[in-house]
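Student:
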Amino acid sequence: MAVDKGRYRLGLYAAIVVSAVSLLPMFTGDTSSMAYFWTLLQFLSLVLSLNLITGFTGYINFGHIAYYGYGAYTVAYLTTITQLNPYLFVPAAAIGSALIALLVGKPLLSVRGPYFTIATLGLGEASRTIIVNLPFFNYSEGLPIAKFFKYDAFSSYISMWLVAVGLFALTFFIKRSRYGLMLETIREDEDLAETMGIDTRRTKLAVYVLSSSTAGLVGGLTAITYVYAHPGFFSISINVAVIASLLLGGGGTLLGPVVGATSYFIIADTLLTRFPYLHLIIFGTIIMGISLLLPRGLVYLMYKTPKLRGLFYDA
Amino acid sequence: MVTSADIILQTLVNGFLMGAVYGVAAIGLSLVWGVLGLVNLSHGALLISAAYITFILYAGLGTPPLISAPLAFLIGAAAGFFFYKLFGRRLTSTDPSYSLLFFFGLSLFLTNVILNLLGPDVRGIPWLIEATALGPVSVSLSRLVSFGLVATSFITLYLFITKTYHGKAIRAVVANRLGAVTAGIDVQWIFTISTSIGFGITFFSGSLVALVNPFTPTSGDGYLMYAFATVVLGGVGNIVGAFLAGILLGVVESLVGVLFTQGVSPAVAFITLVLVILFRYGRR
Amino acid sequence: MKKDKTGLSKVAIVAVVAVVLVVGAVAAVLVLSQQGRPSVAEKPLTIGFSISISGDFAVPGKKQLEGIELWRDYVNNKGGIFVKDENKYYKVELKYYDDKSSKDEVIRLYEKLINEDKVDILFSPYSSTLALTAAGISEKYGRLMIVVGANSDTIFKQGYRYIVGTYTPASKMLTQAIDVVLKYKQSPSIAIIHKDDAFAKSVAEGAKAYAEQKGVKVLAFEMYPRDAKDLSPILTKIKGVKVDAILGGGHYEDEVLLVRQAKELGINVEVMALLVSPSLPAFYDALKETSQGILAPSHWEPQLKYQITIGPSVDEFMSSFKAKWGSDPSYHSAAGFAAGLYIQAAIEKAGTLKNDALRQAFNELDIVTFYGRLKIDPATGNQIGHELVLLQWQGGRKEVVWPENVATAKIIYPKPSW
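Residue numbers (the numbering used here), protein chains in the order written: chain A, 42 to 356; chain B, 680 to 963; chain C, 506 to 923.
Here it is as C-alpha cells:
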C-alpha cells in the first residue's frame, strides 16, 4: 500500500537522522556531549527494557532495577577476580540476570496488580540488603574496577548506543508481532486472555526474563562506564524515575519510552541546574500533575490528532 | 551468640514495643489501600510530617506529646478529608499505576518542603528519655507512654470498626465493593471518611514516632517498607491484622537482630513480605 | 642665524631629538614596568564539585559548602590566586550541584563538571561513599581532585594518582578513644559497632586493628543497617556482653538513636564514643542531659590555636563565618575553607594551573592553617599531617578533652551512668 510505503520511508529517514545526530559526538570527539548523551541513552535503554514488561503487560515492576544491579555486580565481580577486560563479561551480565528472572519470575507473576508491585519492591530491597552484607562484594563499599582496564569513552558510548538501538528494534518487532498482541491482551484483561487460549504464564514469564536480562545488560555496561559497581545501583528512586518516564511517554508503545525518557531527562536536568534547592519540590509537583492529567502518556496525545493518528497508529 | 533468658526477654519486650508502633503506623496505609484501592507511597512522608509538627509544637510551645498526638490525629483527619475532596475521585478512577506515581510525587513534595523550611538537621524530642526496670528488663519510659497511646487508639479503632455503622460499612466496602453498593452503602462517603481516618491515624503514629525516635526530613522512607510488610502480612484493609502483624514483625526483627546480626534484619523483613504475598495472593 | 638646507636651525634639530629621546625613555620605562605588574585574568578559576543539599548528608554537606564559599570570598577579596607562569591573578568561581547524597547523581554530575562545564579544579562531594565514587570518575580522566569531607582509607587504597586528602584518615578516628580507655582501665574490653556504609566501616576496622594491637579485647564487632529505626537488637546483644566501652556509629539520625536507646536499655559503659553527630549542636538539642559525657573525634574545634603559615586566624575565620552565615562553623566548614587554602597554596607553589604540576606541588607542601597542619603522603595522596582531637559534651557544652595538651576541659571519666 502506498500509505504503508510512505510510513516506512518516513521511519527510515527518521532513523537515519536520529542515528547521525546521536553518533555525531563520536566523530567530533566531544567528550562533554558524549557523556551527556551516554547518560540519556542509558536511561532510555532502561525505560525501553521496562516497557517490555510494564508497558506491554501492565505489570508495574518495582524490582526492575535489581536486575540492573545484578548485571553491574556480575561484570564488576568477574573483572575483579579475573583481572580481565570487563567487556568480556557483559554477556554474562545479561545471562545472569536472565537466570535469576527465570527463577523468581514464575512465583512473582502468579500475583497481580499492587501485590506484584510490592513483591517486586520487596525483592529489590532484599537484594540490596543482602549484597551489603556480603564480604566478597565488599559490603557497602562496592567494587571499583578502574584499575583493571583502560577506560575508553568511545567503546563505552558505542556499546550503549547499540543496546539502545537494539532495544528499540526489539520493541518494534514485538509491537508488530502476534506475541506483542498477546501481551497487550494480557494487559487489557488477563482473564479474558486466558479464556482466549493464551498461555499467560509462559507469555508473561518470557517477557519478564527478556526485560530483566536487558536491564542486566544495561547494568553491566554502566558498571564499565562508571568504573564502579555499588549497592546504590539498587536504588528505588531510579526505578521510580524509569517508571515515571515510561508512564509519561506512554507504555506499550514504540515511541512512548523515547518521548518519555527524553522529556524526563531534560526536565530533571534543567530543574537541577536552575533550582538547586527547590528542584525536588518542583519535580514532585510535576509528577503529581502528570499522573492526574496525562492518563495514558504523551504519545496518546498524538493519537488524538487525526492526521498524526494515521501516521502513528501502531507506534 | 547470646542466649541468656534475660536477654531473650529483653529482646521480646523491645520487639513488642517497637512492633506496636509499626502496627499502628501501618493502619492508615492499610485502610486507604483496602477501602479505596490506593497504595499510598507517601505514607512515610506523612508520618514524618506529623513528626515535625509534633516537634515544632514541643520545641516552640512546649506542648507535651500526650496532647500533640490526638491533635495530630485531628490535623491528619482534616488533611485526609480535604485530600479526598480534591484528588480522591481522580485517583480512584485512573489506572493504579498513575495513583502510585501521584503518591510518589506527593512524597517528594512533602519531604522537600520540610527540608527547605526546617533544614536537614536531625531532630529529636528529649522527653522522658529514661529507663525503668521491670524485673530484668529495661524499658524506656517514652516507649511505655507511646505504647499507652497506641493501645488506647487501637481499642478506640477496634470499637469503631466493629460496633459502629460506619465501621461496619468500611469493612463491607473492603470485603466487596459492589456488594456494599447493593446494600445501600454510600461508597463515596465511606471513601471520604476512610481517607480521613487513614490520614488521621497516620499522623497520630507520626506523632508517636517523634516521641520515641530521632528523625530527619528523609526518614520517612525507612518506615515505608515496614509499613508495606505489615499491611500485607496483616491483610490489606484489615485493621486488627495490621496491628498484630506489626507486633509480629517487630518481635521477629528483634530476635533476628539479637540472635544473628542486625545487618540482615531488613532482608528478613522483605523476604517475609514477598513470601507472604506469594502464598496468600498467588494463583496456582 | 645660519640655517641648513631644510631651513631648520641646528638648535631646533637638537631640541627635537632631545625631546624624542626623553619621551621615548619615559615611555620605555612605563612599558617595561607594566610588563612586570600582573593583571587579572579575564576568565575566573572554576572549582567544581557536587555537594549534598538534600538527602542523608545534607547537614554536613551544607556546613562544608558554607566553608568553601567563605574561602571563595576570602581569596577573591585578596585579589584572587596568583599564577606565576601567566603573571595573572585568578578570581575563584564555584560551580556546584546538589548530588542528593546519591552515588548515581555524583557520577552523572562529575562527568558533567569535567566534560560539559570543563571546570579547572575538582573538589570531592561530602562523605566517603560519595567521594570514592567521584574519585573513580576524576581518575578516569586523570583530573586532580581535592578530597574534602571524606576520609575512608579505601579511597586512598585504590591506587588513584590524582587525589589529595584533607581529613585525618578514618582508620585513625577512634584510636584516641581507645587510648582514653587504656589510660583509665586495666585490661579493658570494648564493643565496636558501625553502620553499613564505607565510612563507618573504615573507622570500625581501623579501631579494631588498633585495639588488638594495643591488647584491648574486642568482645563485639557488629554492623547495623542504614535505615534502621530501632537499634535495640544490636544494643541488646551488646548488653549481654560486659564491655567497658562502646565505640562507633554512623551518621546523625542513627547515632542519636544509639545514645537514646542505650540509655533506655540501661546499658552503662565507662566510655561511649561516636563518630560524627556530637560535633553538631543538634546532637545536644535532641538529647539534652542524655548527651553528658559522650565522646567523639573531631577534625577541628574553634578552641584550637595553631601556628599558622597561611590563611586567616581562627578568630578571623569565626567572625567572618558568623557574619556571613549567621551561625557557627563546624569542622566540616573549617575543612572546606582549608581545602580552598590548600589548593591556593599548591597553585602558588607550582606557579601554574596544569593538572600534573599541581598534583606534584602537593607532595612538597607542608602548611599550617587555622584548621591544622596539612601534608600528604606522596604515594597515595592520603592526609598525614592533620591531627584529630576528642570532644566531649559536658553540661551542654562541647569541650576538647584530648590530647591533654590542647584540652579546654578535663575529661569526665567514667561517663556518668544513666
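Glycine included, every Cβ here is placed at the ideal spot set by N, Cα and C.
Just so it is clear, the structure is predicted and the values come from calculations on it, not from any experiment.
1) Here's a check: name, in chain order, each residue in its chain whose Cβ is nearer than 6 Å to the Cβ of residue 1052 of chain B, leaving out the five neighbours to either side.
2) Does the beta-carbon of residue 527 of chain C have 16 or more other beta-carbons within 10 angstroms, so that it is buried, or is it exposed?
3) Taking Cβ positions only, does residue 923 of chain C come closer than 9 Å to chain A?
4) Contact criterion: CB-CB distance below 9 Å. Does residue 621 of chain C meet it with respect to chain A?
5) Going by beta carbon distance, what residues of the same chain come within less than 8 Å of residue 782 of chain C, once the five residues before and after it are set aside?
6) Helix, strand or coil for residue 562 of chain C? Go by DSSP, reduced to three states.
7) Is residue 803 of chain C close to chain A? Criterion is C-beta to C-beta, closer than 9 Å.
8) With DSSP as the reference, identify every bridge partner of residue 594 of chain C, one or two as the case may be.
9) Would you mind working out which of C:722, C:701, C:738 and C:721 sits nearest residue 731 of chain C, comparing C-alpha positions?
10) Grouping DSSP H, G and I as helix and E and B as strand, with all else coil, what is residue 872 of chain C?
11) Tell me, to the nearest whole angstrom, how far the beta carbon of residue 661 of chain C is from that of residue 887 of chain C; I am working on the premise that it is less than 8 Å.
12) I want to verify the contact list: residues of chain A whose CB lies under 7 Å from the CB of residue 612 of chain C, in sequence order.
13) In chain order, what residues of the same chain have a beta carbon less than 6 Å from the beta carbon of residue 91 of chain A, not counting five sequence neighbours either side?
14) Indicate the three-state DSSP secondary structure (helix, strand or coil) for residue 899 of chain C in the structure shown.
15) Whole angstroms is fine: what's the gap from residue 62 of chain A's alpha carbon to residue 616 of chain C's?
16) Can you list, in chain order, the residues of the segment 672-706 of chain C whose Cβ is nearer than 8 Å to any Cβ on chain A?
17) Could you have a look at residue 718 of chain B and say whether DSSP puts it in helix, strand or coil?
18) Using a Cβ-Cβ cut-off of 9 Å, state whether residue 607 of chain C counts as contacting chain A.
19) Residue ranges of each beta strand (DSSP E) run of no fewer than 3 residues wholly in the segment 693-776 of chain C, ordered along the chain?
20) Is the shortest distance between the beta-carbon of residue 558 of chain C and the beta-carbons of chain A less than 9 Å?
21) Report yes or no: do three or more beta-carbon pairs, one from the segment 706-721 of chain B and one from the segment 776-788 of chain B, lie closer than 8 Å?
22) Just the Cα atoms here: how many angstroms apart are residue 956 of chain B and residue 915 of chain B?
23) Name the two residues that bound the continuous alpha helix (DSSP H) containing residue 802 of chain C.
24) What is the rounded straight-line gap between the Cα of residue 694 of chain C and the Cα of residue 771 of chain C?
25) If I follow the unbroken alpha helix (DSSP H) through residue 819 of chain B, where does it start and stop?
26) Can you tell me whether residue 643 of chain C is buried or exposed? The criterion is at least 16 other CB atoms within 10 Å of its CB, across all chains shown.
27) Which residue's Cα is closest to the Cα of residue 582 of chain C: C:594, C:674, C:588 and C:786?
28) Nearest to residue 317 of chain A by alpha carbon, out of C:559, C:551 and C:547?
29) Under 9 Å, Cβ to Cβ, is there at least one residue of chain C near residue 77 of chain A?
30) Residue range of the beta strand (DSSP E) that residue 878 of chain C falls in?
31) From what residue to what residue does the beta strand (DSSP E) around residue 669 of chain C run?
32) Just to confirm before moving on: does the CB-CB distance between residue 868 of chain C and residue 72 of chain A stay below 9 Å?
33) For the alpha helix (DSSP H) that residue 555 of chain C lies in, which residues bound it at each end?
34) Would you identify the three-state DSSP class for residue 603 of chain C, choosing helix, strand or coil?
35) If you measure from the beta carbon of residue 829 of chain B to each beta carbon in chain C, is any gap under 9 Å?
36) When we look at the beta-carbon of residue 815 of chain B and count the other beta-carbons within 10 Å, is it buried (16 or more) or exposed?
Tutor: If we stick to the structure as given:
1) No answer is possible for residue 1052 of chain B: the residues shown for chain B start at 680 and end at 963.
2) exposed
3) no
4) yes
5) Counting only Cβ-Cβ distances below 8 Å, and skipping sequence neighbours, we find 754, 756, 757, 760, 761, 788 and 801.
6) Coil, per DSSP.
7) no
8) C:545 and C:587
9) C:701
10) strand
11) 4 Å
12) 267
13) 105, 283 and 287
14) Three-state result, residue 899 of chain C: strand.
15) 21 Å
16) Under the 8 Å Cβ criterion, the segment 672-706 of chain C contributes 701, 702, 703 and 706.
17) The answer is coil: DSSP assigns residue 718 of chain B none of H, G, I, E or B.
18) At least one chain A Cβ lies under 9 Å of residue 607 of chain C.
19) 694-700, 722-729 and 750-754
20) So, interface residue.
21) yes
22) 11 Å
23) Where residue 802 of chain C is concerned, there is no enclosing alpha helix (DSSP H), although the beta strand (DSSP E) it sits in stretches over 800-803.
24) 18 Å
25) Counting along the chain, residue 819 of chain B falls outside any alpha helix (DSSP H), though it belongs to the beta strand (DSSP E) covering 816-819.
26) Label assigned to residue 643 of chain C: buried.
27) C:594
28) C:559
29) For residue 77 of chain A, the answer is yes, since a Cβ of chain C falls inside 9 Å of its Cβ.
30) 877-879
31) Unbroken beta strand (DSSP E) run through residue 669 of chain C: 668-670.
32) Contact: no.
33) Taken as a continuous stretch (DSSP letters only), residue 555 of chain C belongs to no alpha helix (DSSP H), being part of the beta strand (DSSP E) at 550-556.
34) Of the three classes helix, strand and coil, the one that applies to residue 603 of chain C here is strand, per DSSP.
35) no
36) So residue 815 of chain B counts as exposed.
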